[in-house]
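Chemist: Mind the numbering: the sequence shown is residues 1 to 365 in the UniProt record's numbering, read in order.
A virtual CB, placed ideally from N, CA and C, is assigned to each residue, including glycine.
First, the structure itself, so that you have it in front of you.
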Amino acid sequence: MAAPKVVVVGAGVIGASVAYHLARRGARVHCVDRADRAASGTTEVGFATATAYRRFPKAYFDLNQAGIAEHAALAGEFAPAPWWHRTGTVAWTDDESFAGYLAQLDEWGCPVDRHPGASAADVLGSSVVFPATGTVAVLPAEGWIDAVAFTRHLLDEAVSLGATLELNAEVTSVSRDGVGLADGRRLEADVVVNAAGSAADEIGALAGARPFLGPPRRSLIAHLLVDGDPLEYILRAPEVSIRPDGPGRVVLRSDRVDRGLPPRSGAPDPEYVKDLLDRAAKVVPLLGTATVRTAEVVDARCARDELPSVGPLSAVPGYYEAVASAGVTLGPLFGRALAGRIVDGVGDDLVDVFTPDRFGGAATS
1 MAAPKVVVVG AGVIGASVAY HLARRGARVH CVDRADRAAS GTTEVGFATA
51 TAYRRFPKAY FDLNQAGIAE HAALAGEFAP APWWHRTGTV AWTDDESFAG
101 YLAQLDEWGC PVDRHPGASA ADVLGSSVVF PATGTVAVLP AEGWIDAVAF
151 TRHLLDEAVS LGATLELNAE VTSVSRDGVG LADGRRLEAD VVVNAAGSAA
201 DEIGALAGAR PFLGPPRRSL IAHLLVDGDP LEYILRAPEV SIRPDGPGRV
251 VLRSDRVDRG LPPRSGAPDP EYVKDLLDRA AKVVPLLGTA TVRTAEVVDA
301 RCARDELPSV GPLSAVPGYY EAVASAGVTL GPLFGRALAG RIVDGVGDDL
351 VDVFTPDRFG GAATS
């Protein structure tokens, strides 16, 4: 049987993962992206962690746990894997439901270490202002990813295995036998994988698929320069999330800040950046003297039920989707699962739950 020809639309972390695993399995892969560089969308500016924290329902939690394990396996394969930082996640909340959530994690088989807030600094370091009461939890298996380096490494590996990567390549048509590009060329394909992220509905419409994305989800992401390295782990505090980003750098975001953002992406108003920095400095005081390297409101879209859409769409033969808000966590898992299905016809029980068919089939006129 001839190796399948596959066009992957999107060269972010999910598209790169799909391209790599397909090429590894012997498929003839052509990965295209309309941007002028790989990993230039949400992959480049997102918070970029491998985490299952606050992921519901259980099927989605299990999927993210498997995604973390997939990252660890790839890090071993490509050791020393400089993009992978297994730092753990340190978390607490300001409401009484946290104890119940930690009990649920225990029930779901997730390793969790617990420390009293009053003495957490003795174990986790004095740079963080921990709560005086309550519990501080540590999820030791989690970590953060240099998503750009990871994505480009996977694409380099895919190319070394025979795949073609083409940037500045805008898809203008999708049919059962391939895709057309804006420059008039046509790429033959047995399968088209839509890994176009926030542009997935545009690509799906070209293939005759129904729309499935929800409204934009906006988040202010700030990258800071700081003296020293005040944080060794991902921090999930009630008002802010912070992670290290290499020597002298950290990344911030906040659900509470995001809820007040105006309906636009790009450069944020200064008051929102100040609000984010103030919240961060209350938890990690050394960040009070940090310098903002970049601050951007990221406008990402995912499926309207906020869960992944991954796998074949039955109503459109040869068309697959691979779209998720947690693309950094899930990309490698999606890549392996889709390669197994496309090359060998073998599904994955964890992934198949999130079938694109749940949103309907072909587009209606």
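Indicate whether V193 and L338 have their beta-carbon atoms separated by less than 8 Å.
Modeler: Within the sequence shown, numbered from 1, the residue matching residue 193 stands at position 193. Within the sequence shown, numbered from 1, the residue matching residue 338 stands at position 338. It is a contact, given that the beta carbons lie within the stated cut-off.
Chemist: By a C-beta neighbour count over all protein chains shown, 10 Å radius and 16 as the cutoff for buried, is R236 buried or exposed?
Modeler: Here residue 236 is taken as the residue at index 236 of the sequence shown, counted from 1. Buried, because 16 or more other Cβ atoms sit within 10 Å of the Cβ of R236.
Chemist: Measuring alpha carbon to alpha carbon, tell me which residue in P216, L225, R304 and G248 is nearest P262.
Modeler: The residue you call residue 262 lines up with position 262 of the sequence shown. Among P216, L225, R304 and G248, the Cα nearest to that of P262 is on P216.
Chemist: Work out the CA separation of D227 and L155 for me, nearest whole Å.
Modeler: Within the sequence shown, numbered from 1, the residue matching residue 155 stands at position 155. Within the sequence shown, numbered from 1, the residue matching residue 227 stands at position 227. If you take the alpha carbons of L155 and D227, they lie about 34 Å apart.
Chemist: Between V138 and D113, how many whole angstroms is the CB-CB distance? I'm expecting something under 8 Å.
Modeler: Along the sequence shown, read from residue 1 onward, the residue named residue 138 stands at position 138. Along the sequence shown, read from residue 1 onward, the residue named residue 113 stands at position 113. Rounded, the Cβ-Cβ distance is 4 Å, consistent with contact.
Chemist: Keeping to the same chain, check which residues put their C-beta closer than 7 Å to that of D348; ignore five residues upstream and five downstream.
Modeler: Translated into positions along the sequence shown, residue 348 becomes position 348. Only A337 and G340 meet the Cβ criterion.
Chemist: Look at the alpha carbon of P131 and the alpha carbon of E157, and state the distance between them as a whole number of angstroms.
Modeler: Working through the sequence shown from its first residue, we reach residue 131 at position 131. Working through the sequence shown from its first residue, we reach residue 157 at position 157. Their Cα atoms are separated by approximately 45 Å.
Chemist: Figure out for me which residue from A267, S265 and A295 has the closest Cα to the Cα of L277.
Modeler: On the sequence shown, position 277 is the one that residue 277 refers to. Closest by alpha carbon: A295.
Chemist: Please confirm whether I221 and V9 have their CB atoms less than 8 Å apart.
Modeler: Start at 1 with the first residue of the sequence shown, and residue 221 comes out as number 221. Start at 1 with the first residue of the sequence shown, and residue 9 comes out as number 9. Contact flag unset, no.
Chemist: Whole angstroms is fine: what's the gap from F212's alpha carbon to C302's?
Modeler: Counting from one through the sequence shown, the residue named residue 212 turns up at place 212. Counting from one through the sequence shown, the residue named residue 302 turns up at place 302. Approximately 8 Å, taken between the alpha carbons.
Chemist: Beta-carbon separation of V323 and A200 under 8 Å?
Modeler: To locate residue 323, count along the sequence shown from 1; it is residue 323. To locate residue 200, count along the sequence shown from 1; it is residue 200. In contact: V323 and A200 (Cβ atoms closer than 8 Å).
Chemist: Tell me whether P244 sits in a helix, a strand or coil according to DSSP, three-state version.
Modeler: As a first step, residue 244 is located in the sequence shown; it is residue number 244 there, counting from the start. Note: P244 maps to strand in three-state DSSP.
Chemist: For a quick check, are the C-beta atoms of L165 and V171 less than 8 Å apart?
Modeler: Mapped onto the sequence shown, residue 165 falls at position 165. Mapped onto the sequence shown, residue 171 falls at position 171. Taking 8 Å as the Cβ cut-off, L165 and V171 do not qualify as a contacting pair.
Chemist: Would you grab the beta carbon distance between G318 and V191 for me? Rounded to a whole angstrom, and I think it's under 8 Å.
Modeler: Within the sequence shown, residue 318 is the residue found at index 318, counting from 1. Within the sequence shown, residue 191 is the residue found at index 191, counting from 1. That belief holds up - the Cβ atoms of G318 and V191 are roughly 5 Å apart, short of 8 Å.
Chemist: If you run the structure through DSSP and keep just helix, strand and coil, what is S173?
Modeler: Start at 1 with the first residue of the sequence shown, and residue 173 comes out as number 173. In this structure, S173 counts as strand in the three-state DSSP scheme.
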